[in-house]
Amino acid sequence: DIWIFGYGSLVWKADFPFIDRLPGFITGYERKFYQNSIDHRGVPSFPGRVVTLVPTNNVQVYGVAYRIASQRSSHLDYREKNGYDRCSLVFNIYNSKCTVDVIMYVAMQNDSFAGNISEESKIAEQIYKAVGPSGFNREYVYNLEEAMVNLFPGIEDHHLHKLV
1 DIWIFGYGSL VWKADFPFID RLPGFITGYE RKFYQNSIDH RGVPSFPGRV
51 VTLVPTNNVQ VYGVAYRIAS QRSSHLDYRE KNGYDRCSLV FNIYNSKCTV
101 DVIMYVAMQN DSFAGNISEE SKIAEQIYKA VGPSGFNREY VYNLEEAMVN
151 LFPGIEDHHL HKLV
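Taken in order, the sequence shown gives residues 1 to 164; the numbers are from the UniProt record's numbering.
Following this line, the structure appears as structure tokens:
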């Protein structure tokens with residue numbers, strides 16, 4: 001079995017079988033809507049925006065870890081295909097001192113799907129207007145915000161809140 005860390009749509013939309021699900025966080029990254037989406041929340045002529053993680057010091061990103069059978073990881077590799085790469089890190093279980101080793105998908109540096117790192121107002125406008133095969137881009141933001149508030153009351157993700 002392997003553990004997968006979800007910090008975007010995987011927080012609320014687990015479209016795969018899993019053995020266990022734990023809320024928690026990783027340290028050393030910041031969640032940002034810096035990744036263009038032409039396959040789920042936008043199209044090539046008008047990309048949407050989805051989250052990726054940006055390395056930073058001592059910042060925590062909250063999300064969920066899923067334990068899955070290792071042979072199921074190919075589904076996630078396909079789902080996260082446009083511009084994401086796998087890496088390993090330590091996941092801290094929420095309200096616990098326990099940790100698990102997880103795999104996460106993070107945007108590759110300088111990939112063709114990297115969106116412009118622009119003002120949050122411009123990112124919000126792009127999100128509001130974009131729609132793709134998985135639906136309206138703004139639904140992605142609203143669903144993520146709702147899940148984070150329910151899972152982690154009192155924990156604020158400033159970038160996410162500004163885009164809602």
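Just so it is clear, CB atoms sit at the ideal spot from N, CA and C, and this is done for glycine as well.
Beta-carbon proximity check, residue i vs residue j, cutoff 8 Å
{"i": "Val59", "j": "Tyr7", "result": "no"}
{"i": "Val11", "j": "Tyr29", "result": "no"}
{"i": "Phe33", "j": "Leu163", "result": "yes"}
{"i": "Ile4", "j": "Tyr66", "result": "yes"}
{"i": "Val106", "j": "Phe91", "result": "no"}
{"i": "Arg31", "j": "Asp157", "result": "yes"}
{"i": "Ile68", "j": "Phe18", "result": "yes"}
Beta-bridge pairing of residue i - partner residues as DSSP gives them
{"i": "Ile103", "result": "Ile4, Ser88"}
{"i": "Phe33", "result": "Answer is none; Phe33 lacks a bridge partner."}
{"i": "Arg67", "result": "Trp3, Asp20"}
Straight-line Cα distance separating residue j from residue i
{"i": "Asn95", "j": "Ala130", "result": "36 Å"}
{"i": "Arg21", "j": "Phe46", "result": "34 Å"}
{"i": "Ile2", "j": "Phe16", "result": "14 Å"}
{"i": "Phe136", "j": "Tyr128", "result": "8 Å"}
{"i": "Phe113", "j": "Asp85", "result": "Confidence at Phe113 is low in this model, with a pLDDT of 49, below 50, so the placement of that residue is unreliable and no value is reported for it."}
{"i": "Ser134", "j": "Lys97", "result": "36 Å"}
Cβ shell of residue i (< 8 Å), same chain only, five flanking positions each side left out
{"i": "Met148", "result": "Val11, Tyr62, Ile155, Asp157, Leu160"}
{"i": "Leu144", "result": "Gly8, Ser9, Val11, Trp12, Val51, Leu160"}
{"i": "Thr99", "result": "Val90, Phe91, Asn92, Ile93"}
Nonlocal neighbours in the same chain, by C-beta distance under 6 Å from residue i, ignoring five residues either side
{"i": "Gly132", "result": "His40, Arg41, Gly42, Val43, Gly48"}
{"i": "Leu151", "result": "Pro23"}
{"i": "Gln126", "result": "Arg49"}
At least 3 beta-carbon pairs within less than 8 Å: the region 43 to 57 vs the region 134 to 145: The answer is yes - the region 134 to 145 touches the region 43 to 57, with three or more Cβ pairs under 8 Å.
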